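**Q**
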Amino acid sequence: MLKEIEEEDSKINSFIVLDKEGIAQKNKAKGGRLSNYKLGVKSNISVDGLPITAASKTLETHIGSYDAFVVEKIKKEGGTIVGLTNMDEFACGSSGETSFYGATNNPAARGRIPGGSSSGSAAAVAAGLVDLSIGSDTGGSIRNPASHCGVVGFKPSYGLVSRYGLLDLAMSLDQIGPIARDVKSVALLLDVLAGYDIKEETSLDLEKKYYDYSGKLDTSLRDVRLGYAKEFDLMIQDKGIRKIIHKSLDKLSSAGAQIVDVELPNLKIALPTYYLNVYVEFFSATRKYDGRRYGFKIEDVCGPEVLRRIQLGSYISQKEYSGRYYRKALKARSVLRRELMSALDDVELLVGPTVPKLPHRLGTKIDDPMVMYAYDIFTVLANLAGIPAGTVPAGRVDSIPTGLQVMGKPLEDQKVLNVMAGFEQC
Ligand code: GLN
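1 is the number of the first residue of the sequence shown in my numbering; add one for each residue after it.
#1: Take Ser248 as the anchor and find which of Tyr228, Gly93, Val380 and Pro359 has the nearest alpha-carbon.
#2: Verify the contact flag: Thr138, CB atom, against every heavy atom of ligand 1, threshold strictly below 7 Å.
#3: Provide the residue(s) that pair with Ser136 in DSSP beta bridges, ordered along the chain.
#4: Nearer than 7 Å: is that true of the beta carbon of Ala109 relative to any heavy atom of ligand 1?
#5: Indicate the three-state DSSP secondary structure (helix, strand or coil) for Met420 in the structure shown.
#6: In or out: Glu320 buried (at least 16 other Cβ within 10 Å) or exposed?
#7: Quick one: what's got a C-beta closer than 6 Å to Leu312's C-beta in the same chain, skipping five residues either side?
#8: Measuring CB atoms only, is the segment 319 to 333 touching the segment 77 to 92, in the sense that at least three cross pairs come out at less than 8 Å?
#9: Where Asp450 and Lys199 are concerned, what is the direct C-alpha to C-alpha distance, given to the nearest angstrom?
#10: Check whether the Cβ atoms of Ser65 and Thr53 lie closer than 8 Å to each other.
#11: Can you check whether the CB of Arg181 is closer than 8 Å to the CB of Val125?
#12: List the residues that DSSP assigns as beta-bridge partners of Tyr228.
#13: Please go through the same chain and pick out, in chain order, the residues whose beta-carbon is closer than 6 Å to the beta-carbon of Gly434, but skip the five residues on each side of it.
#14: Could you check which residue in Asn36, Ser56 and Ile63 has the C-alpha nearest to that of Lys75?
#15: Please report the Cβ distance between Thr391 and Ala146, rounded to the nearest whole angstrom; I am assuming they are in contact, meaning their Cβ atoms lie under 8 Å.
#16: To the nearest whole angstrom, what separates the beta carbons of Gly464 and Gly177, a pair I think is in contact under 8 Å?
#17: Can you tell which of Gly49, Leu307 and Ala382 has its C-alpha closest to the C-alpha of Ile63?
#18: To test your reading of the DSSP string, which unbroken alpha helix (DSSP H) runs of 4 or more residues are found completely within the segment 331 to 409?
#19: Helix, strand or coil: how does DSSP classify Ala55 here?
#20: Would you say the beta carbon of Ala91 is closer than 7 Å to some non-hydrogen atom of ligand 1?
#21: Would you identify the three-state DSSP class for Val130, choosing helix, strand or coil?
#22: Could you tell me the alpha carbon to alpha carbon distance between Val47 and Thr354, rounded to whole angstroms?
#23: Let's test the definition: count the other Cβ atoms within 10 Å of the Cβ of Glu207 and tell me whether it reaches 16, buried, or not, exposed.
#24: Which residues in the same chain have their Cβ closer than 7 Å to the Cβ of Gly99, if we skip the five residues on either side of it in sequence?
#25: If we call anything under 8 Å between Cβ atoms a contact, is Lys28 one with Gly93?
#26: Provide the residue span of the alpha helix (DSSP H) that contains Thr273, from first to last.
#27: Secondary structure at Gly195, three-state DSSP: helix, strand or coil?
#28: Please confirm whether Ala257 and Leu217 have their CB atoms less than 8 Å apart.
#29: Could you give the distance in angstroms between the alpha-carbon of Glu427 and the alpha-carbon of Pro388?
#30: With H, G and I counted as helix, E and B as strand and the rest as coil, what does DSSP make of Arg309?
#31: Taking 7 Å as the cut-off, is the C-beta of Leu169 nearer than that to any heavy atom in ligand 1?
#32: Which same chain residues end up closer than 6 Å to Pro401 when comparing Cβ atoms and leaving out the 5 residues on each side of it in sequence?
#33: Could you tell me whether any non-hydrogen atom of ligand 1 is closer than 7 Å to the CB of Ser172?
#34: Looking at C-alpha atoms only, which residue of Leu307, Leu358 and Leu381 is the closest neighbour of Arg338?
#35: Between Gly31 and the rest of its own chain, which residues show a CB-CB distance below 7 Å, the 5 nearest in sequence each way excluded?
#36: Looking only at its own chain, which residues have a Cβ that is under 6 Å from the Cβ of Leu344, when we skip the five neighbours before and after it?
Below, the structure written as structure tokens:
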């Protein structure tokens, strides 16, 4: 099986490591809900005995010394982890091109980026190399590549899935979540990943009903109130995507949903708010990569995007600037959170685009980081507010896939998955 994957992957580069020695098969249960599934794990999640590189030269020689909470759960359900997937270096990016191990090709639109940062996790699923994969999503890294690769991706509510064993990008925003080819499989993997973890301080201890999504999947869209913000239209850069999103709204309303206008007047400050928060948290998270304990000193070997974030994070973390940048960014985050919550007050869920533009061709030179950051405009909202959000294929523009995003209230992950599953059948 691994030989076949290896051969297919030579054209895609979705894996950094294929587990040829079967190291991840250790402690795997015989039966279980995932016993018929092959899985890929993003390279920033620790699997005991396998390299955990975060696609960076910094950690080139680093081997995971324990199983992340989610990996432990996958093994307990008999899932076969075949390897570790490619990604943007330290999950900083939206294209998969910043990996030390080379870019991944989009199996659904060859020659284009698969999106990022969970580039390999989405591409491996889209290419059929694995059935399921896990990614991490700080500002869209599960949903963005899932949208570009024509698969389903889901970022759970903050705290539903333990981050124990995940290398932080920005820990107040990071969540681990599932990617698959249909909503039912995403829900099944979420059933396995979700759960209280005493070792992780933001992990939530919830009632049983929060841990059975696939069993409760309800595809009926009748009378579900869905909000669409007019600001989405202004920010979509590609006409084809706008058309597909409006067609999707029509399909949802034909299936019985009510589409309601809502407002997000501060959507335009979402990106600067997100990036200022990320710079500061990422700078602090990277101080341990000083070359003493793990591999190399990060500043000596990392790529330009990681370096930019460290330098800007260090600059704005200085005491004399805290009021000017970071405190403002925290305030802006509260403003956006409140705005989203009030939009969600009126309706049950929000629907809209996942990405504003189509994936660019591999190798396109993009000098301005803002052009790259622009991919994240619709996805960062859910992370800033800690709410659940997923993407489901909505159609193709010139044969390139794009997704519909569904966002819900905190811990209403079930409702988000229901509408995604309902839309999948439209
Ligand atoms: N593209 C965003 C960033 O570069 C999101 C990354 C992520 O979700 N890990 O920060």
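Where is the CB? At the ideal position from N, CA and C, for every residue including glycine. Treat the numbers as computed from the prediction; the structure is a model and nothing was measured.
**A** The structure says:
#1: Start at 1 with the first residue of the sequence shown, and residue 248 comes out as number 248. Checked all of Tyr228, Gly93, Val380 and Pro359; the closest Cα to Ser248 is Tyr228.
#2: In the sequence shown, the residue the question calls residue 138 occupies position 138. Yes, the beta carbon of Thr138 sits closer than 7 Å to at least one heavy atom of ligand 1.
#3: If you number the sequence shown from 1, residue 136 lands on position 136. Beta-bridge pairing links Ser136 to Ile176.
#4: Here residue 109 corresponds to residue number 109 of the sequence shown, with the count starting at 1. Incorrect: Ala109 has no Cβ contact closer than 7 Å to ligand 1.
#5: Start at 1 with the first residue of the sequence shown, and residue 420 comes out as number 420. In the displayed model, Met420 falls within a helix according to three-state DSSP.
#6: Here residue 320 refers to the residue found at position 320 of the sequence shown. Looking at its Cβ environment, which holds fewer than 16 other Cβ atoms inside 10 Å, Glu320 is exposed.
#7: Looking up residue 312 in the sequence shown gives position 312. Sequence-distant partners of Leu312 (beyond 5 residues in either direction) whose C-beta falls short of 6 Å from its own C-beta, in its chain, are Tyr279.
#8: The segment 319 to 333, when compared against the segment 77 to 92, does not touch it at the 8 Å Cβ threshold.
#9: Look at the range of the chain in this structure, 1 to 426, and you will see that residue 450 is not part of it.
#10: Within the sequence shown, the letter at position 65 stands for residue 65. Within the sequence shown, the letter at position 53 stands for residue 53. No, Cβ-Cβ distance for Ser65 and Thr53 is not below 8 Å.
#11: In the sequence shown, residue 125 corresponds to position 125, counting from 1. In the sequence shown, residue 181 corresponds to position 181, counting from 1. Closer than 8 Å, so yes.
#12: Mapped onto the sequence shown, residue 228 falls at position 228. Paired residues: Asp261.
#13: Given a span of 1 to 426 for the chain in the structure shown, any question on residue 434 remains unanswerable.
#14: Within the sequence shown, numbered from 1, the residue matching residue 75 stands at position 75. Taking the Cα of Lys75 as reference, the smallest distance to any Cα among Asn36, Ser56 and Ile63 is reached at Asn36.
#15: As a working mapping, residue 391 is identified with position 391 in the sequence shown. As a working mapping, residue 146 is identified with position 146 in the sequence shown. At roughly 5 Å, the Cβ-Cβ gap stays under 8 Å, so Thr391 and Ala146 are in contact.
#16: Because residue 464 is not part of the residues shown, which for the chain are 1 to 426, the question remains open.
#17: Position 63 of the sequence shown, counting from 1, holds the residue named residue 63. Among Gly49, Leu307 and Ala382, the Cα nearest to that of Ile63 is on Gly49.
#18: Counting only runs of 4 or more, we get 369 to 373 and 380 to 385.
#19: By one-based count along the sequence shown, residue 55 stands at place 55. Residue state, collapsed to three classes: coil.
#20: Here the question's residue 91 lines up with position 91 in the sequence shown. Result yes, Cβ under 7 Å from ligand 1.
#21: The count along the sequence shown starts at 1 and reaches residue 130 at position 130. If DSSP states are grouped into helix, strand and coil, Val130 belongs with coil.
#22: Position 47 of the sequence shown, counting from 1, holds the residue named residue 47. Position 354 of the sequence shown, counting from 1, holds the residue named residue 354. Computed Cα separation, rounded: 30 Å.
#23: As a working note, residue 207 is residue 207 in the sequence shown. That one is exposed.
#24: Translated into the one-based positions of the sequence shown, residue 99 becomes position 99. First, the residue type needs correcting, since residue 99 is Ser and not Gly in the sequence shown. Hits under 7 Å: Ala55, Asn86, Met87, Asp88 and Glu89.
#25: For the purposes of this step, residue 28 is identified with residue 28 of the sequence shown, where counting begins at 1. For the purposes of this step, residue 93 is identified with residue 93 of the sequence shown, where counting begins at 1. No, the pair does not count as a contact, with Cβ atoms beyond the cut-off.
#26: Indexing the sequence shown from 1 puts residue 273 at position 273. Here the alpha helix (DSSP H) through Thr273 covers Ala270 to Ala285.
#27: Looking up residue 195 in the sequence shown gives position 195. The answer is coil: DSSP assigns Gly195 none of H, G, I, E or B.
#28: Position 257 of the sequence shown holds residue 257. Position 217 of the sequence shown holds residue 217. No, the Cβ-Cβ distance between Ala257 and Leu217 is not below 8 Å.
#29: Since the first residue of the chain shown is 1 and the last is 426, residue 427 is not available in this structure.
#30: Position 309 of the sequence shown holds residue 309. Helix at Arg309.
#31: What you label residue 169 is simply residue 169 of the sequence shown in a count that begins at 1. Checking the Cβ of Leu169 against ligand 1 gives yes.
#32: Counted from its first residue, the sequence shown places residue 401 at position 401. Excluding residues within five positions, the ones whose Cβ falls inside 6 Å are Ala108, Gly150 and Pro393.
#33: Counting from one through the sequence shown, the residue named residue 172 turns up at place 172. Between ligand 1 and the CB of Ser172, the shortest heavy atom gap is not smaller than 7 Å.
#34: If you number the sequence shown from 1, residue 338 lands on position 338. Minimum Cα distance to Arg338 is reached at Leu381.
#35: Counted from its first residue, the sequence shown places residue 31 at position 31. Within the same chain, Gly31 has close Cβ partners Gly78.
#36: In the sequence shown, the residue the question calls residue 344 occupies position 344. Within the same chain, Leu344 has close Cβ partners Lys409.
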